[in-house]
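Colleague: Top to bottom, those sequences are chains A and B.
All residue numbers for the first sequence refer to my numbering, where the first residue is 181 and numbers rise by one.
All residue numbers for the second sequence refer to my numbering, where the first residue is 181 and numbers rise by one.
Following this message is one structure expressed as structure tokens.
Protein chains: 2
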Amino acid sequence: MQTLTRNQQIVFDIINKSSEPLKAYTILSNVQKKGIKAPPQVYRALDKLIEMGKIHKIESKNAFVACQNSNCKVSKAAAFSICESCEEVTEIDNSKISKYLSSFADKIGMKYKKYNLEFFGLCKKCK
Amino acid sequence: MQTLTRNQQIVFDIINKSSEPLKAYTILSNVQKKGIKAPPQVYRALDKLIEMGKIHKIESKNAFVACQNSNCKVSKAAAFSICESCEEVTEIDNSKISKYLSSFADKIGMKYKKYNLEFFGLCKKCK
DNA sequence: TACATAATGTTATTTTATAACAATAAACTT
DNA sequence: AAGTTTATTGTTATAAAATAACATTATGTA
Numbered sequence: 181m182q183t184l185t186r187n188q189q190i191v192f193d194i195i196n197k198s199s200e201p202l203k204a205y206t207i208l209s210n211v212q213k214k215g216i217k218a219p220p221q222v223y224r225a226l227d228k229l230i231e232m233g234k235i236h237k238i239e240s241k242n243a244f245v246a247c248q249n250s251n252c253k254v255s256k257a258a259a260f261s262i263c264e265s266c267e268e269v270t271e272i273d274n275s276k277i278s279k280y281l282s283s284f285a286d287k288i289g290m291k292y293k294k295y296n297l298e299f300f301g302l303c304k305k306c307k
Numbered sequence: 181m182q183t184l185t186r187n188q189q190i191v192f193d194i195i196n197k198s199s200e201p202l203k204a205y206t207i208l209s210n211v212q213k214k215g216i217k218a219p220p221q222v223y224r225a226l227d228k229l230i231e232m233g234k235i236h237k238i239e240s241k242n243a244f245v246a247c248q249n250s251n252c253k254v255s256k257a258a259a260f261s262i263c264e265s266c267e268e269v270t271e272i273d274n275s276k277i278s279k280y281l282s283s284f285a286d287k288i289g290m291k292y293k294k295y296n297l298e299f300f301g302l303c304k305k306c307k
């Protein structure tokens, strides 16, 4: 278990506390009181946290969430459901999807590394 | 089968001819000789083409590819394998994945609309 | 034709992300 | 502990991606 540097910890904490995906510049404005002043400081922390599997990027939203799934520490693979009405983003337990996709990778002759799945629709509440 | 407007056709043609995903500003610089001068013209065409299912956006690359899969006209769902070495992007036949994911949606109580899957690794040639 | 709707053209701006380089801090080596 | 290397941080400036806002032109249709 890797320990986080000062900036990484600050950025991780704010993402981890949030109930929704946060954008890089939202993070920036929330950590300026803690001494992080410029975008590169945030983006560098984000990059490292992604590498470690502590957070994921929701590509379709340019936003970041804490990993909800201990598997991701290893697999760096993530799947999200995104509600088009209330914008709720939930990380899906990816063990089955992972299994399915790695067998799929075998079949097409690809060496599997990771994947990102974003799944749009209406959540239980909104539908 | 919807017919394309002038700008939509110009933008679609250049994406369709390309062997790799194209970025919006690359498209722009390639269509300036055809009279498309500003980003909004390109982005508007891209938006419509995506709506129609004629192209897809590769979110992790901010780039656009023509749909290789006639299903997408309907489903607006797409899956791509992306080689981290040669950068080759291939659209995966998504009928099985689609089926799998819509049953998954049922299980978690979500109304399925579409998904985007990006699948990273090393392709046949590079591995 | 007259009206409504969709598509286009244009300028400016916002949002997202990185390049480049200087300064510190942490880890490693002898 | 002193010196060396490596990683992290701080800072300024800029690049890259996307959209807002509004004027204009084209297209469909009653």
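Even for Gly, the Cβ is constructed at its ideal location relative to N, Cα and C.
Quantities reported herein were computed from a predicted structural model and do not represent experimental measurements.
Could you give the distance in angstroms between the alpha-carbon of residue 201 of chain B and the alpha-carbon of residue 242 of chain B?
Modeller: Roughly 9 Å between the two C-alpha positions.
Colleague: Quick one: does residue 208 of chain A have its CB under 8 Å from some CB of chain B?
Modeller: Chain B contact via Cβ: absent.
Colleague: Between which two residues does the alpha helix (DSSP H) containing residue 206 of chain B stretch?
Modeller: It spans 204-211 - the alpha helix (DSSP H) in which residue 206 of chain B sits, taken as one unbroken run.
Colleague: How big is the Cα-Cα spacing for residue 302 of chain A and residue 260 of chain B?
Modeller: If you take the alpha carbons of residue 302 of chain A and residue 260 of chain B, they lie about 23 Å apart.
Colleague: Can you check which of these residues, A/297, A/210, A/212, A/188, is closest to residue 257 of chain A by C-alpha distance?
Modeller: For the residues A/297, A/210, A/212, A/188, the minimum Cα distance to residue 257 of chain A belongs to A/297.
Colleague: Could you check how far apart the C-beta atoms of residue 220 of chain B and residue 204 of chain B are, in whole angstroms? I think they sit under 8 Å.
Modeller: In fact, because the Cβ distance is near 10 Å, the residues do not count as touching under 8 Å.
Colleague: Does the beta carbon of residue 229 of chain A sit closer than 8 Å to a beta carbon anywhere in chain B?
Modeller: Answer no: the Cβ-Cβ gap between residue 229 of chain A and chain B never drops below 8 Å.
Colleague: Contact criterion: CB-CB distance below 8 Å. Does residue 274 of chain A meet it with respect to chain B?
Modeller: Answer no: the Cβ-Cβ gap between residue 274 of chain A and chain B never drops below 8 Å.
Colleague: From the DSSP output, which residues share a beta bridge with residue 262 of chain B?
Modeller: For residue 262 of chain B, which the question treats as bridged, DSSP gives the partners B/269, B/300.
Colleague: With distances taken Cα to Cα, identify the nearest neighbour of residue 294 of chain A among A/287, A/300, A/281, A/305.
Modeller: If we check each option's Cα against that of residue 294 of chain A, A/281 comes out closest.
Colleague: Please report how far the alpha carbon of residue 233 of chain A lies from the alpha carbon of residue 263 of chain B, in whole angstroms.
Modeller: Going by the C-alpha atoms only, they are around 20 Å apart.
Colleague: List the residues of chain B whose Cβ lies closer than 9 Å to the Cβ of residue 235 of chain A, in chain order.
Modeller: Residues of chain B passing the Cβ test: none, with the nearest at roughly 15 Å.
Colleague: Quick check on DSSP: helix, strand or coil for residue 159 of chain B?
Modeller: For residue 159 of chain B there is no data in the structure shown, the boundaries of chain B being 181 and 307.
Colleague: Is any beta-carbon of chain B found at less than 8 Å from that of residue 301 of chain A?
Modeller: Output row for residue 301 of chain A: interface = yes.
Colleague: Using a threshold of 8 Å, state whether the C-beta atoms of residue 195 of chain A and residue 235 of chain A are closer than that.
Modeller: For residue 195 of chain A and residue 235 of chain A, yes; Cβs fall inside 8 Å.
Colleague: What first and last residue would you give for the beta strand (DSSP E) that runs through residue 235 of chain A?
Modeller: Here the beta strand (DSSP E) through residue 235 of chain A covers 235-238.
Colleague: Based on the DSSP output, what are the partners of residue 295 of chain B in its beta bridges?
Modeller: Partner(s): A/299.
Colleague: Would residue 205 of chain A count as contacting chain B if we go by Cβ distances under 8 Å?
Modeller: Not an interface residue.
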